[in-house]
Amino acid sequence: MTLVLGGARSGKSRYAEGLIELRPGPWRYVATAQAWDDEMRARIAEHRARRPAPWETVDAPRDLAQAIRQGPRGQPVLVDCLTLWLTNAMLDEAADLAAEVDALVEACRGAAGPLVLVSNEVGFGIVPENALARRFRDEAGRLHQRLAAIADRVVLVVAGLPMIVKGDAE
Amino acid sequence: MTLVLGGARSGKSRYAEGLIELRPGPWRYVATAQAWDDEMRARIAEHRARRPAPWETVDAPRDLAQAIRQGPRGQPVLVDCLTLWLTNAMLDEAADLAAEVDALVEACRGAAGPLVLVSNEVGFGIVPENALARRFRDEAGRLHQRLAAIADRVVLVVAGLPMIVKGDAE
Amino acid sequence: MTLVLGGARSGKSRYAEGLIELRPGPWRYVATAQAWDDEMRARIAEHRARRPAPWETVDAPRDLAQAIRQGPRGQPVLVDCLTLWLTNAMLDEAADLAAEVDALVEACRGAAGPLVLVSNEVGFGIVPENALARRFRDEAGRLHQRLAAIADRVVLVVAGLPMIVKGDAE
Numbered sequence: 000m001t002l003v004l005g006g007a008r009s010g011k012s013r014y015a016e017g018l019i020e021l022r023p024g025p026w027r028y029v030a031t032a033q034a035w036d037d038e039m040r041a042r043i044a045e046h047r048a049r050r051p052a053p054w055e056t057v058d059a060p061r062d063l064a065q066a067i068r069q070g071p072r073g074q075p076v077l078v079d080c081l082t083l084w085l086t087n088a089m090l091d092e093a094a095d096l097a098a099e100v101d102a103l104v105e106a107c108r109g110a111a112g113p114l115v116l117v118s119n120e121v122g123f124g125i126v127p128e129n130a131l132a133r134r135f136r137d138e139a140g141r142l143h144q145r146l147a148a149i150a151d152r153v154v155l156v157v158a159g160l161p162m163i164v165k166g167d168a169e
Numbered sequence: 000m001t002l003v004l005g006g007a008r009s010g011k012s013r014y015a016e017g018l019i020e021l022r023p024g025p026w027r028y029v030a031t032a033q034a035w036d037d038e039m040r041a042r043i044a045e046h047r048a049r050r051p052a053p054w055e056t057v058d059a060p061r062d063l064a065q066a067i068r069q070g071p072r073g074q075p076v077l078v079d080c081l082t083l084w085l086t087n088a089m090l091d092e093a094a095d096l097a098a099e100v101d102a103l104v105e106a107c108r109g110a111a112g113p114l115v116l117v118s119n120e121v122g123f124g125i126v127p128e129n130a131l132a133r134r135f136r137d138e139a140g141r142l143h144q145r146l147a148a149i150a151d152r153v154v155l156v157v158a159g160l161p162m163i164v165k166g167d168a169e
Numbered sequence: 000m001t002l003v004l005g006g007a008r009s010g011k012s013r014y015a016e017g018l019i020e021l022r023p024g025p026w027r028y029v030a031t032a033q034a035w036d037d038e039m040r041a042r043i044a045e046h047r048a049r050r051p052a053p054w055e056t057v058d059a060p061r062d063l064a065q066a067i068r069q070g071p072r073g074q075p076v077l078v079d080c081l082t083l084w085l086t087n088a089m090l091d092e093a094a095d096l097a098a099e100v101d102a103l104v105e106a107c108r109g110a111a112g113p114l115v116l117v118s119n120e121v122g123f124g125i126v127p128e129n130a131l132a133r134r135f136r137d138e139a140g141r142l143h144q145r146l147a148a149i150a151d152r153v154v155l156v157v158a159g160l161p162m163i164v165k166g167d168a169e
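Chains A, B and C, in that order, are what the protein sequence lines are.
Its first residue numbered 0, the first sequence is counted upward by one per residue in numbering that gives the first Met the number 0.
Its first residue numbered 0, the second sequence is counted upward by one per residue in numbering that gives the first Met the number 0.
Its first residue numbered 0, the third sequence is counted upward by one per residue in numbering that gives the first Met the number 0.
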């Protein structure tokens, strides 16, 4: 299990795809984006265009734990990205966020094959004035800590290049 | 002397506590938080709950240099965190910020025992629209540079994990 | 060619100057700042005060590719910084940004002497509410990825200290 953190447009998705493509396919791509607006639709389209077969895309804007568990046992899985899933979960007022995060961590821990998780590192700026943004930053930070603790490798992507935070370089 | 930088909810406080706890106690915790509102009070309470004896907590929202100098000679000291202290100092219109920063740097340089300083890295975002936030970012960056220059070790905490910027891994 | 990334007040300019000063002078400093307001004027003045002869300063707020190509062949060149140039280009409604970025990357690839590029890493914060800021963040991230791919060294400066992302420590 590898956790790939990076800033906006850091090349983290492309780096993570490269990690998965080192394994024999087909590979499963678990997409968490929800197309709220045109800007997001354009980003989703751009990401999809980079992934021809043997990528199989599964959309999981909400039940990410289930999407990680399902599928052929041992198949390499890429989740892109955790922060979009967290946003969706936080905006769903009916959601039990703590329980969903627990379920996600358990699903990651139980993954039978290579699992690469992509997420935005969002905590290195000034404290946001918006309370929801502050809460999001806190939840994302806590989630990253829990996943990093159980991951075999943690990578921070800067300008498309990996900085190894935990584990070995591939 | 170790400078521990990290983003919001990066696990930097917990990592810093672990560094101090490698030494024989009792340990001194210098807390700089000022409880302006409920959100801050909750954060302070959460941090305190993690620190039973042999931690001795000293509140120093303003005179941090003095708090670092006092106490038994050689006692391990953790300061958490510099950015809250800087915020307090910048909001105090009667303060001579440059003189206080000089005094703080001198107190750190003169520390007789292990000293671990925790601070938020806040400079990796978009330029804030708010002029005070820009000034805070500048002051924090300058303070980190001065302290990093005299520190034996500088660590950037990402997702609870240390990236060594200066010195050796512990 | 070295790409020096860093946050606000991270000491990235000073670190980059140090890299150039390891070579025999005179050195060329390509300044991209445009003095829009007093705050910017103060920053420019502070940066200039650090660079006596043998630094030769060239102002290139817009035609950066040309400024990199001109000058004595093999002269060490420091560009400070790419993010200011990108801001200027994005605010110029008559500009063909994609073509200018291509020209800049080509000029960097063709540099005959040591070339050090300084830029702000701005992608590690919360998604900005401002659409222009989001676009800037995306363009900066893409530019950094392209330059990092062709650079011999990429360095992330934290608190005045270099973290090597690509290549060897100097």
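Quick reminder that beta carbons are idealized off the backbone N, C-alpha and C, glycines included.
All values derive from a computational prediction rather than experimental measurement.
Simplified DSSP state of residue i, which is helix, strand or coil
i, result
"C/Ser12", "helix"
"C/Arg141", "helix"
"B/Ala30", "strand"
"A/Val3", "strand"
"C/Arg133", "helix"
"C/Ile177", "Because residue 177 of chain C is not part of the residues shown, which for chain C are 0 to 169, the question remains open."
"B/Ile163", "strand"
"A/Val156", "strand"
"A/Val104", "helix"
Beta-carbon gap between residue i and residue j smaller than 8 Å
i, j, result
"C/Ala64", "C/Ala102", "yes"
"A/Val153", "B/Leu4", "no"
"C/Trp35", "C/Trp54", "no"
"B/Val104", "B/Arg145", "yes"
"C/Ala32", "C/Asn119", "no"
"B/Ala139", "B/Val156", "no"
"C/Glu16", "C/Leu77", "yes"
"A/Tyr28", "A/Thr1", "no"
"C/Ala106", "C/Ile67", "yes"
"B/Ser12", "B/Asp79", "yes"
"B/Pro127", "A/Ile125", "yes"
"B/Ala147", "C/Ala158", "yes"
Residue burial classification, residue i (beta-carbon count within 10 angstroms, cutoff 16)
i, result
"B/Arg49", "exposed"
"A/Asn129", "exposed"
"C/Ala93", "exposed"
"B/Leu142", "buried"
"C/Ala150", "buried"
"B/Leu81", "buried"
"C/Ala52", "exposed"
"B/Gly10", "buried"
"A/Leu18", "buried"
"A/Pro71", "exposed"
Output the residue ranges of the alpha helix (DSSP H) runs that lie fully inside the region 34-90 of chain B and measure 4 residues or longer, sorted by chain position. With a minimum length of 4 residues, the continuous alpha helix (DSSP H) runs that stay inside the region 34-90 of chain B are 37-48, 63-68 and 81-90.
contact_flag[the region 74-94 of chain A, the region 133-146 of chain A] where n(CB pairs < 8 Å) is 3 or more: Touching, yes.
Contact between the region 18-26 of chain C and the region 109-116 of chain C (3+ Cβ pairs under 8 Å): Contact between the region 18-26 of chain C and the region 109-116 of chain C is present, because at least three Cβ pairs lie under 8 Å.
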